[in-house]
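Single-structure report; data block below.
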Amino acid sequence: MGKPGTSNKNSEQDTSKQIRHTADVVAVIRYKEGEKESPLIYDPFARLFVSPQGEEMLKTALKSWPFFSDYLIVRAKFIDDHLRDLCKKEAVKQIVILGAGNDMRAARLDFLKGRKVFEVDFPDQITNKKQILKNELGTLPENVICVGANLKETSLSNTLSQAGFNREEKSVFILEGLIYYLTPEDVDHLFEELFNISPPGNFFLLDHISPDMSQKSPDSEKSTKLPYPEDSVSYLNNKGFKIIESALLGNLTAIHFGKSYKERWWVIAFTK
Ligand SMILES: C[S@@+](CC[C@H](N)C(=O)[O-])C[C@H]1O[C@@H](n2cnc3c(N)ncnc32)[C@H](O)[C@@H]1O
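Heads up: the sequence shown is residues 0 to 271, going by numbering that gives the first Met the number 0.
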């Protein structure tokens, strides 16, 4: 039996532990893609984060969502391509990856060298990732600033400022595989903060699943967080952002893998 008064805290910790393991699933998918003869994206570090738990969770997910791995690979490609383009054309100085998980863009994308990369995730996830990188590589990518925070509880603006984020510098924010773990109130709050801390000309890369898809999710942390904005493009416009490109992952898999799927899951590039 737990100590009186600790059960809520414990269940919160269990939930954050379960959510952070979703980062391993994505790493397993990137690792498997890298094993192909001509991978669409290549992450040489993904193997470091392959865990039995991640493999098990992926197996379960694929039973309900056979398109899951294909979707996550084209999602990563869309984000990599936009990021490359932005870094080439704009004076991007900072990248902020919210819900970074086992993202290794800072090391795997050459064009990010020399730019600051803030990786925000639960403190436990950050500690675990740092430990793996220290054990396996002996060091962390030098351009990375790790920020341990629960995005549901933190003031993003204060947390990033304390970590050395400069509001005046052009930044790209990546929210990949994140917002369906937040409540609609958290999502509202997050976009308001992102709007307030961003000068015009900041960029954002986001993915978003349809409410009907989320309800059928094999991951209970997704299926219980309803409702999301059904129309994310209007939602973002109403929040003051401008859409650069919005694509359905099922159309991107048709382009890249010759397989088209109807399940609605978007990836969106937008700016302020
Ligand atoms: C599906 S994973 C995606 C990881 C990474 N962005 C990728 O695509 O490889 C979701 C990530 O969001 C993080 N996350 C979810 N809710 C969070 C919260 N409230 N605060 C901080 N991180 C959170 C999880 O810990 C996990 O690392």
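We put the CB at the ideal spot given by N, CA and C, even for glycine.
Proximity test, residue i beta-carbon vs ligand 1 heavy atom, cut-off 7 Å
i	result
lysine 16	no
Residue i - DSSP class collapsed to helix/strand/coil
i	result
lysine 284	Here the chain comprises residues numbered 0 to 271, so residue 284 is not present and cannot be evaluated.
threonine 21	helix
serine 37	coil
threonine 126	helix
phenylalanine 172	strand
threonine 158	helix
lysine 92	coil
lysine 272	Any answer about residue 272 is impossible in this case: the structure gives the chain only from 0 up to 271.
glutamate 276	Only positions 0 to 271 of the chain appear in the structure, and residue 276 is not among them; the question remains open.
leucine 204	strand
glycine 249	helix
glutamate 152	coil
asparagine 229	Inspection of the sequence shows that residue 229 is occupied by glutamate rather than by asparagine. The answer is coil: DSSP assigns glutamate 229 none of H, G, I, E or B.
leucine 139	coil
glycine 147	strand
glutamate 192	helix
threonine 182	coil
Beta-carbon proximity list for residue i, same chain, < 8 Å, skipping 5 on both sides
i	result
glutamate 191	Lys238
isoleucine 194	Here residue 194 turns out to be phenylalanine, not isoleucine, going by the sequence shown. Taken in chain order, the residues that qualify are Lys238, Gly239, Phe240, Lys271.
leucine 108	Asp79, Leu82, Arg83
glycine 200	Glu89, Lys169, Thr270, Lys271
Cβ neighbours of residue i in the same chain (closer than 6 Å, five flanking residues each side left out)
i	result
isoleucine 267	Leu205, Ser245
leucine 155	Glu192
leucine 235	Phe269
serine 197	Lys271
arginine 46	Tyr30
methionine 56	Val24
histidine 255	Leu39, Val73
isoleucine 125	Cys145, Gly147
serine 50	Asp23
Spatial neighbours of residue i in its chain, beta-carbon cut-off 7 Å, leaving aside the 5 residues before and after
i	result
tyrosine 260	Phe66, Gly249, Thr252
lysine 129	Leu139, Cys145
arginine 74	Glu175, Asp206, Leu248, Val266
methionine 212	Glu262, Arg263, Trp264
serine 231	His207, Trp265, Ile267
alanine 162	Phe117, Ile144, Val146
glutamate 32	Pro38, Leu39, Ile40, Ile72
glutamate 54	Val27
Assumed close pair residue i, residue j - CB separation to whole angstroms, cut-off 8 Å
i	j	result
valine 25	asparagine 101	7 Å
arginine 19	aspartate 123	6 Å
valine 95	phenylalanine 164	7 Å
isoleucine 40	lysine 76	5 Å
lysine 115	lysine 92	7 Å
lysine 215	serine 63	7 Å
phenylalanine 48	aspartate 23	6 Å
leucine 85	phenylalanine 202	5 Å
asparagine 149	phenylalanine 121	6 Å
leucine 71	leucine 177	Wrong, their Cβ atoms sit about 13 Å apart, outside the cutoff.
valine 119	alanine 99	6 Å
Any non-hydrogen atom of ligand 2 within 7 Å of residue i CB
i	result
glutamate 36	The model depicted lacks ligand 2 and carries ligand 1 instead.
- By C-beta, the residues closer than 6 Å to any heavy atom of ligand 1, given in chain order: Ile18, Arg19, Thr21, Ala22, Val25, Gly98, Ala99, Gly100, Asn101, Asp102, Asp120, Phe121, Gln124, Asn149, Leu150, Lys151, Glu175, Gly176, Leu177, Tyr180
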